[in-house]
Amino acid sequence: IKTLELAAKSFFFLKVHYLQTVCAVNTSSTTAEQWVETFFKATGQPPNFTSQIKPIKCQEGGEAYFKYKVTGEPMPDVQWFKSACQIQCGKSCIIVYNADGSGFINMKGIQQQDSGLYTCKASNPSGEASCSVELISSVSFNIIYATVCICIFSG
């Protein structure tokens, strides 16, 4: 290779000395390429939680209710996790997703092992966000008060 010349801002010419071969490389994008880049360019907004989820304490057998509100364009997909495990709906767990970005998780019959860190994760093509909250389940103690009546009868 003898020389590499910049002929214009978007073209390079490669000249080979003995065989006189010339190659041209166009580095500018065509109108079609520009259209594809514009069409597929991410124009959305990443997810954003507009309010923090509040931590709660509840007694065993009680109910835990966490609500969220998230924005983003397009509207994010939302998933709930306890530690690293995704939570699925079941007979004691209801998860609601609304079109306006609000929703909640409602868990009934809370037990001590349900204590832990719960994370609401929102994601769309523009990014992801998460909001975590602690659930503390405490054992309920039933205190029984007994009243003792002593009656003395005399004969």
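Those letters in the sequence shown? Residues 517 to 671, per the numbering used here, in order. Where is the CB? At the ideal position from N, CA and C, for every residue including glycine. Small disclaimer: the values here were computed from a predicted structure and weren't measured.
query: Residue 630, DSSP secondary structure in three states; result: helix
query: Validate contact between the segment 614-627 and the segment 577-584 using beta carbons, cut 8 Å, 3 pairs; result: yes
query: Straight-line gap, residue 615 to residue 643 (C-alpha atoms, nearest Å); result: 19 Å
query: Residues near residue 568 in its chain [Cβ-Cβ closer than 7 Å; skip 5 each side]; result: 647
query: Beta-carbon proximity of residue 574 to residue 652, cut-off 9 Å; result: yes
query: Runs of beta strand (DSSP E) wholly within the segment 565-650 (minimum 3 residues, chain order); result: 572-575, 579-589, 593-598, 609-613, 618-624 and 632-640
query: For residue 597 and residue 629, the rounded distance between their alpha carbons; result: 15 Å
query: Test: residue 651 CB closer than 9 Å to a CB of chain C; result: As a matter of chain content, chain C is missing from the structure shown, which is built from one protein chain.
query: Residue 654 versus 586, 645, 590 and 631, residue with shortest Cα-Cα distance; result: 631
query: Where residue 571 falls, given that 16 or more other Cβ within 10 Å makes a residue buried; result: exposed
query: Whole-number beta carbon distance between residue 638 and residue 588, since they are thought to touch under 8 Å; result: 7 Å
query: Top-ranked residue by Cα proximity to residue 613, from 584, 590, 641 and 635; result: 584
query: Residue 586 and residue 617 closer than 9 Å at C-beta; result: yes
query: Pick from 595, 626, 592 and 649 that is closest to residue 608, judged by C-alpha positions; result: 626
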